[in-house]
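Numbering (the numbering used here), first residue to last: 33 to 151.
Cβ coordinates follow ideal geometry from the N, Cα and C atoms, glycine included.
Only a predicted model underlies this, so the values are computations on that prediction, with no experimental measurement involved.
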């Protein structure tokens, strides 16, 4: 089934509905064809999801990063700054999973900020 071409702001929402590596590859080809701006919006929306997902969405986060690696195995071809974006996103998921496991939901009031040392 061909993947629909979505407006830039809807790419991530469409991506979240994908189920197979084949669907992801088709989606990735269409996204790459739309260029840098579409990819940038997609990555920004993905990053927003990573900031906001809760405990019950952890398996979804891991599913999505696996699909992203199938959809766009070489994001650095669009921009060198994206060469390691999937490794970065996977590390964010892993760190957030550890934090969610260590801090009980009742102790999570307010806004949290995690600072990462940027080499």
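Ranking 99, 88, 46 by CA distance to the CA of residue 54 puts 99 first. Residue environment analysis places residue 118 among the buried positions, since at least 16 neighbouring C-beta atoms fall within 10 angstroms of its C-beta. The DSSP-derived three-state label of residue 82 is helix.
Around the CB of residue 104, 16 or more other CB atoms lie within 10 Å, so the residue is classed as buried. For residue 43, the uninterrupted alpha helix (DSSP H) segment begins and ends at 43-47. Taking C-beta atoms as the reference points, residue 57 and residue 91 fail to come closer than 7 Å.
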